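J.: Residue numbers (the numbering used here): 714 to 1228. C-beta atoms are modelled at their ideal positions from N, C-alpha and C, and glycine is treated no differently. Because the structure is a prediction, the values reported are computed rather than measured. Mind looking over this structure? Questions follow.
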Amino acid sequence: MPDRKKFIAFDRQRVREQIGRFTFKEALLVKGPIYESVLNELYLEGYIFMAQRFQHLINVEKRLIARLYMKNKVQEVPDLFWGLIEKCREAEKSYKFEEFGGKKVCFALLHQSLLLIDRHCPKYQWLYGEMIAIVMAIIKDEHKNVVELQEILARIFYRCGRHYSEVQQKYEDACNVLRDVCDLSLGQGWRPELKEVDGYRFDSLHDAASRKLAQIYLLRGRTLASTDMKLALKLAHKAILAIVEGKFRRNLLLLYNAYIEKHEYMIELQHYQMALKDMKKMYQSLMVEGKIEFMLVKCKVLKNTGVCLYALNDVRNALLKLRQAYAIARKYHYEFLEGTILQEIGKVYTSQKGRQVEAREVLTSARGIFLGLDDDVNRRKIDYLLANLNAINITPLLLKKCTSDDFCDLFYLRRWKTRCEPYWDAFYQEIEFHAEDAVSSVSTDLSRKSENDNGIMEDVEYKKGGMKYSVYLSDAARGEKTLTKRPLCLLWEKEYDQRNMLWNAFNFRFSVFEN
């Protein structure tokens, strides 16, 4: 007899009964591509809106993969893929039928979908942006007036506003959405999901939205300041209002920075009296703040106050404020501010008689700071101020040589002009000036053909490139016997400045940085 322990006995009919059978929809999910199977299931179950949006997401993913922008498909993360499918399916069902929870459940599920995608960012950042676009298309204006929907809508809007703020072309959309968040959450104690951003802890959703809105206004103002200063000033004012509307005590540092940017825009628009009045009030409240993070704000306020006082011809108090600002910048190692303050002090010293040596020392120190910071723009501003100072220093000597009747003085004038030519040539877009030495050409013409038939030299007018130059010779040079004094001078008749020729040359070279 065979040993029964060596054989396995089983009931075939019983095993067949234990094997589950696939339904038609389950079979579709097993056979074929997963995206097409899910899409067919959605159409069969009647989720038309979700199926259309799912088809759109599939096309976007294919396009991004074809362009090599990414290589990870959403289906490779099962918890993200199936979680998103289930939440969106339930959201559409609850939106259409009130017995499944209504719109409140729908928007709550959509908000959970955003949270689910956010956990997998930045790998699927494109999906987050597309999902936000779908959610915003579902939300209507009348939904904002329903009290039970306001909290969940505010949370969705806050996430949308943060996303829009990171997209360059959607600053206005970000401001509008965050403005809605502030309106919906005003006076409410709703806690945000993001309890801390950049080391700052939020007490409420309104606090987080108002802070983000103010940051967007300030960033947008800095971007537009170079083209539209008045609009930048308006945006800075809106930022201040957004901060004050929230818990401005917790956002005090951001509030002070917004005021500083507003004052700088007012200074650029030459509203010195208004800016000075505002800064005096601000400095009084700053005096009670002893934390180290407020020292930078104090330094900026003192510097801007000094600039306003100097513009209003109060030189003594302007220097006092600038020196106080410089002491703070030097103590706390604010190198950029230290350089800009020295630049302003150099401007004040340049305008005062007898302080040109101090001005040169101050500007040279500022230039060294900007060279160390690799700040080419401010370094060129200092170069302009040093060139302006040099022009002021040589003004008496230049005027003396322009009224002289000695040909040696003509040589010095020509040499100075040759040294100025690099400044003219570098800005050929600002002025059209030929590289040929005009004075040298005039002197060459004088040596070759400035004598008339009687061998007497005459005055010469030289025209080139729209500029007109005249060299007036002395009576002795003409060969005349009368020795009446006539100056030998170089006149730039189109752009004549009463002070000196080099002043014009340096101004042409650095005019763009002064503006």
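Please return the same chain residues whose Cβ sits closer than 7 Å to the Cβ of residue 964, not counting the five positions on each side in sequence.
T.: Here the set comprises 924, 956.
J.: Does the stretch 858–869 come within contact of the stretch 795–812, defined as at least 3 CB pairs closer than 8 Å?
T.: No, the stretch 858–869 does not touch the stretch 795–812.
J.: For a test of the three-state rule: what should DSSP assign to residue 727, helix, strand or coil?
T.: The answer is helix: DSSP assigns residue 727 an H, G or I state.
J.: If the criterion is Cβ atoms closer than 9 Å, does the pair residue 839 and residue 782 meet it?
T.: Contact: yes.
J.: Could you please give the first and the last residue of the uninterrupted alpha helix (DSSP H) stretch that includes residue 795?
T.: Taken as a continuous stretch (DSSP letters only), the alpha helix (DSSP H) holding residue 795 covers 791–809.
J.: Which same chain residues, not among the five before or five after residue 976, have their C-beta less than 7 Å away from its C-beta?
T.: For residue 976, where only same-chain residues beyond five positions count, the Cβ hits under 7 Å are 988, 991, 992, 1017.
J.: Return the residue from the list 978, 894, 950, 1067 that minimises the CA-CA distance to residue 938.
T.: Closest option to residue 938, Cα to Cα, is 978.
J.: To the nearest angstrom, how far is the alpha carbon of residue 1129 from that of residue 1052?
T.: About 30 Å.
J.: Look at the alpha carbon of residue 1111 and the alpha carbon of residue 1126, and state the distance between them as a whole number of angstroms.
T.: So the two alpha carbons sit approximately 8 Å from each other.
J.: Give me, in chain order, the residues of the same chain whose beta-carbon lies closer than 7 Å to that of residue 866; leave out the 5 immediate sequence neighbours on both sides.
T.: 820, 852, 856, 857, 897, listed in sequence order.
J.: If you draw a straight line from the C-alpha of residue 876 to the C-alpha of residue 842, how long is it?
T.: Answer to the nearest angstrom: the Cα atoms are 7 Å apart.
J.: Between which residues of its own chain and residue 1008 is the CB-CB distance below 7 Å, once the five residues before and five after are set aside?
T.: Excluding sequence neighbours, residue 1008 sits near 1041, 1045.
J.: I'd like to check one pair, residue 776 with residue 847: are the Cβ atoms closer than 9 Å?
T.: Not in contact: residue 847 and residue 776 (Cβ atoms no closer than 9 Å).
J.: Helix, strand or coil for residue 903, going by three-state DSSP, please let me know.
T.: Coil.
J.: Can you grab the Cα-Cα spacing for the pair residue 1004 / residue 1010, in whole Å?
T.: C-alpha separation (whole angstroms): 11 Å.
J.: Once DSSP output is grouped into helix, strand and coil, what is the label at residue 785?
T.: Looking at residue 785 - three-state DSSP - the assignment turns out to be coil, as it is neither helix nor strand.
J.: Determine, using beta carbons only, whether residue 1084 and residue 1099 come nearer to each other than 9 Å.
T.: Contact: no.
J.: So, helix, strand or coil for residue 1104, using DSSP?
T.: In this structure, residue 1104 counts as helix in the three-state DSSP scheme.
J.: Output needed for residue 827: all residues of its chain with C-beta closer than 8 Å, excluding positions within five of it in sequence on either side, in chain order.
T.: Answer for residue 827: 841, 844, 845, 848, 869, 872, listed in chain order.
J.: Just curious, the alpha helix (DSSP H) that residue 1043 is in, first and last residue?
T.: That run of the alpha helix (DSSP H) goes 1028–1044.
J.: By Cβ distance, which residues of its chain are closer than 6 Å to residue 1038, with the 5 residues on each side in sequence left out?
T.: Within the same chain, residue 1038 has close Cβ partners 1012, 1015, 1016, 1054.
J.: Can you tell me where the alpha helix (DSSP H) holding residue 866 begins and where it ends?
T.: Note, residue 866: alpha helix (DSSP H), 860–878.
J.: So which of 1101, 1106, 1048 has the shortest CA-CA distance to residue 1088?
T.: Residue 1048 is the option with its Cα nearest to residue 1088.
J.: Quick one: using the 10 Å Cβ neighbour count with 16 as the cut-off for buried, is residue 994 buried or exposed?
T.: Exposed is the call here.
J.: If you reduce the DSSP assignment to three classes, tell me which class residue 1163 lands in.
T.: Bear in mind that a pLDDT of 38 at residue 1163, under 50, signals an unreliable position, so the number given afterwards is only what the model happens to contain. Residue state, collapsed to three classes: coil.
J.: Should residue 746 go down as buried or exposed, given a rule of 16 or more other Cβ atoms within 10 Å for buried?
T.: By the 10 Å Cβ count, residue 746 comes out exposed.
J.: Which two residues bound the contiguous alpha helix (DSSP H) that contains residue 821?
T.: Note, residue 821: alpha helix (DSSP H), 815–831.
J.: Taking only heavy atoms of the ligand ADP into account, decide whether any of them is closer than 8 Å to the Cβ of residue 983.
T.: The model on display carries no ligand, and the ligand ADP is accordingly not part of it.
J.: What is the rounded straight-line gap between the Cα of residue 752 and the Cα of residue 788?
T.: So the two alpha carbons sit approximately 13 Å from each other.
J.: In this structure, does DSSP put residue 938 in helix, strand or coil?
T.: DSSP places residue 938 in coil when its eight states are reduced to three.
J.: What is the DSSP secondary structure of residue 746, counted as helix, strand or coil?
T.: Coil at residue 746, not helix or strand.
J.: By the DSSP assignment, the alpha helix (DSSP H) with residue 982 in it spans what residues?
T.: From DSSP, residue 982 is part of no alpha helix (DSSP H); its letter is neither H nor E.
J.: Where does residue 1004 sit, in a helix, a strand or coil, going by DSSP?
T.: Residue 1004 falls in the coil class under three-state DSSP.
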